[in-house]
Amino acid sequence: MDFNLPGDLRDMQATIRDFMVSRVEARAHEIEDTNRIPEELTREAAALGLFGLSIPEEYGGVGLGMLGRCAVYEAMGQGHMGFGGMISAHASIGTSGLVKLGTEAQKRKYLPRMATGECVAGFAITEPSSGSDAANIRTRAVKKGDVYVLNGTKHYISNAPIAGLLTVIAITDPAQGTRGMSAFLVEPQTTPGVTIGKIDEKMGQKGSLSSEVIFEDAEIPAENLLGPEHRGYREALGILTNGRVGIAARSTGAMQRLLDLSITHAKTREQFGQPIAEFQAVQFMLAEMEIAVQTSRVLWQKVAWMVDQGQDVRRLASVAKYHATEQLSEVADQAVQVAGGMGYMKDSPVERYYRDQRLLRIYEGTSEIQKLIIARDLLA
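Using this note's numbering, read the sequence shown as starting at 463 and increasing by one per residue.
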């Protein structure tokens, strides 16, 4: 088994890591204060290919497999997590459904603009009555002639306030339950009957905007049905499964960044006449952080490789997400402890990571849902 990434992926990973640490982190306070990503950073990200990671080259994208995308996601995790969240919501769950299921006409229409960041994408499945219980979706899509009429409300939808395209999951046949759901490509900014709600005020992940999306007799052309009718729920589960691997990779990158910051601080901060790195209590915390980084990295690399091989990763994707996000929570807490009072101050990136990381244990399947998936698969 060779755990070395190919040279081109290592080079791209290094480039993205440098961009995140030197360019994005330099604007972190601005992003926090305004809750917006500066346009020049978005343009630079587009030039680096970040919006087209999962889009085939023939449509203007980079065309990376899951291993390559996750290598980039880990690098992105070492910078502002709100910026990384915006990109990954687009390049992962926002894009992968269209790449996998779209007709040639749909791909030609949307993917080139998505690859350049001109059209930012999102994935709309969560509703007020259905978070972890995705089977409780109530948004309806009724076919009338050559359109589907959508009614319902989605909420906490990442990228919705800036999205040019959303993949929306709605019920097309209530009698079939989860087998009666379909996926639709919706242009929220220009479709009558679609309203974007106010931007959510979140604890962290500033710059990664989310909001409600409200459908009131919104007419969606039948040609915007994504994939076969009544297959939306099954395909949504597949999209979310692969997205969990990306979250594991981003979490690993965040842990690596926190470990690097903690090492630097431990070597330079003095107490009782010596650097705190000399104290065994601090050394133990650094060692535990390193263990978390290495185990999480091996997990996401294995699962990403399995995805590229076409293997079933439902259980192991949940293992990877659960492990990495739970470990990141521990690492963030330890990083604050190593930093002491400075780690509690707003000027500290450690404080920001402490807030930002908490969401990763909730979205795209809570930690509790991941354990249910793992256990049920073991018992099946």
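For every residue, glycine included, the Cβ atom is placed at its ideal position computed from N, Cα and C.
Any heavy atom of the ligand ZN within a distance shorter than 7 Å of the CB on residue i?
i           : result
alanine 782 : Although the ligand ZN was asked about, the structure shown includes no ligands whatsoever.
On the DSSP letters alone, give me the boundaries of the beta strand (DSSP E) that residue i sits inside.
i              : result
isoleucine 658 : 656–661
Evaluate residue i with the Cβ neighbour count: other Cβ atoms within 10 Å of its Cβ, from every protein chain shown; 16 or more gives buried, anything less gives exposed.
i                 : result
arginine 531      : buried
tyrosine 806      : exposed
isoleucine 753    : exposed
valine 798        : buried
lysine 783        : buried
alanine 533       : buried
phenylalanine 646 : buried
serine 594        : exposed
leucine 721       : buried
lysine 616        : buried
proline 683       : exposed
alanine 603       : buried
leucine 840       : exposed
alanine 842       : exposed
alanine 837       : exposed
asparagine 686    : buried
arginine 719      : buried
proline 590       : exposed
methionine 543    : buried
alanine 551       : buried
arginine 641      : exposed
proline 650       : buried
methionine 751    : buried
threonine 601     : buried
threonine 714     : buried
glutamine 771     : exposed
glycine 469       : exposed
At which residues does the alpha helix (DSSP H) containing residue i begin and terminate?
i              : result
isoleucine 549 : 543–553
arginine 746   : Per the sequence presented here, residue 746 reads as phenylalanine, with arginine not at that position. Per DSSP, phenylalanine 746 belongs to the alpha helix (DSSP H) from 742–770.
glycine 708    : 694–730
aspartate 473  : 469–480
glutamate 566  : 566–577
leucine 563    : 558–563
Counting only beta-carbon atoms, is residue i nearer than 8 Å to chain D?
i              : result
asparagine 497 : Here there is only one protein chain, and chain D is not present.
From the DSSP output, which residues share a beta bridge with residue i?
i              : result
methionine 643 : Ile633
valine 604     : Val611
glycine 584    : Leu628
isoleucine 619 : Ser673
proline 737    : Glu732
serine 592     : Glu589
valine 648     : Leu628
Tell me the DSSP secondary structure of residue i in three-state form.
i                 : result
alanine 680       : strand
serine 670        : coil
valine 524        : coil
proline 811       : helix
leucine 687       : strand
asparagine 497    : coil
aspartate 774     : coil
tyrosine 825      : coil
phenylalanine 513 : helix
aspartate 818     : helix
glycine 539       : coil
threonine 504     : helix
asparagine 845    : Since the first residue of the chain shown is 463 and the last is 842, residue 845 is not available in this structure.
lysine 833        : helix
threonine 787     : helix
glycine 842       : Note on identity: in this sequence residue 842 is alanine, with glycine being the wrong assignment. Reduced to three states, the DSSP call for alanine 842 is coil.
methionine 804    : helix
Would the segment 572–584 count as touching the segment 702–720 if we require 3 or more Cβ pairs under 8 Å? no
Report yes or no: do the segment 520–530 and the segment 476–490 share at least 3 C-beta pairs separated by less than 8 Å? no
Validate contact between the segment 724–731 and the segment 610–624 using beta carbons, cut 8 Å, 3 pairs: no
Counting Cβ pairs closer than 8 Å, one from the segment 615–632 and one from the segment 673–687, do we hit at least three? yes
Sufficient close CB pairs (3 or more, under 8 Å) joining the segment 649–659 to the segment 621–633: yes
Would you say the segment 689–699 touches the segment 632–647, given that touching needs at least three Cβ pairs under 8 Å? yes
Using 8 Å as the cut-off, can you tell me whether the segment 779–796 makes contact with the segment 627–646, which would need three or more C-beta pairs spanning the two stretches below that distance? no
Pairing CB atoms from the segment 814–824 with CB atoms from the segment 540–547, are three or more of them under 8 Å? yes
If you pair each beta-carbon of the segment 559–578 with each one of the segment 516–523, do three or more pairs fall below 8 Å? yes
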